Amino acid sequence: MSEIRTTATFGAVALALLLVTWATAPRLTSPAVFAERGELLFPQFRDPNAAASLEVTQFDARNAILAIPAGKSPTIAVSAIQLAAKNPVGTPIGITYRVYLAGKLIAVDQPPNPPLRFDGWITLPLKFTPAKGKSYVVTVDMNAPSGDTLSHTLTLNAT
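Heads up, the sequence shown is in the working numbering, so the first residue is 848 and it goes up one at a time.
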């Protein structure tokens, strides 16, 4: 008889825990800001497969799109926050950058190691003269004394 009582006790405890879990489980509710209100932004857009083109614009510090002045060598800031996690402010960062115009390499340089700034970025002077209206792709390969490496691809639009 003791085995039946033990089994019933375990069953009752399990049922009680199940009820407590159900009663205290978080409820998923949508914030009012996400509720559909008013008219659709693009009511004529019904079939996503019919889209002829798509343009997404967002800022990504790792692969930024920057506007630079034409006619003079630009100086840009490049994010090295991942390197800042293991390297103190002022750490010299080894850099190789390459500048491409329409897929053709037009400049490559290994400048003196710029120091890691307090905000986790580096300042990088580029040795090329951009022409107005042209778009350049710059690849930046970085390495730190800690052995960490980092690469970014930036787009520079000369205005």
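Here a beta-carbon is modelled for each residue, glycine too, at the ideal position from N, C-alpha and C. Remember, predicted model here, so these are calculated numbers, not experimental data.
When the five nearest sequence neighbours on each side are left out, the beta carbons in the same chain lying within less than 7 Å of the beta carbon of L963 are those of A927, L930, A931, N934, V936, G937, T938, I940, I969, in order along the chain. Judged by their CB atoms, P961 and L971 are nearer to each other than the 9 Å cut-off. Short of 6 Å from the beta carbon of N990, and not among the five residues preceding or following it, lie these beta carbons of its own chain, in chain order: G941, T996. Leaving aside the five residues that flank I953 on each side, the residues in its chain whose CB is nearer than 7 Å to its CB run, in chain order, V946, Y947, F975. For L862, the enclosing alpha helix (DSSP H) stretches over residues 849-871. Relative to V984, the option among S993, A1005, G967, F965 whose CA is nearest is A1005. With contacts defined by Cβ atoms closer than 9 Å, P977 and P921 form a contacting pair.
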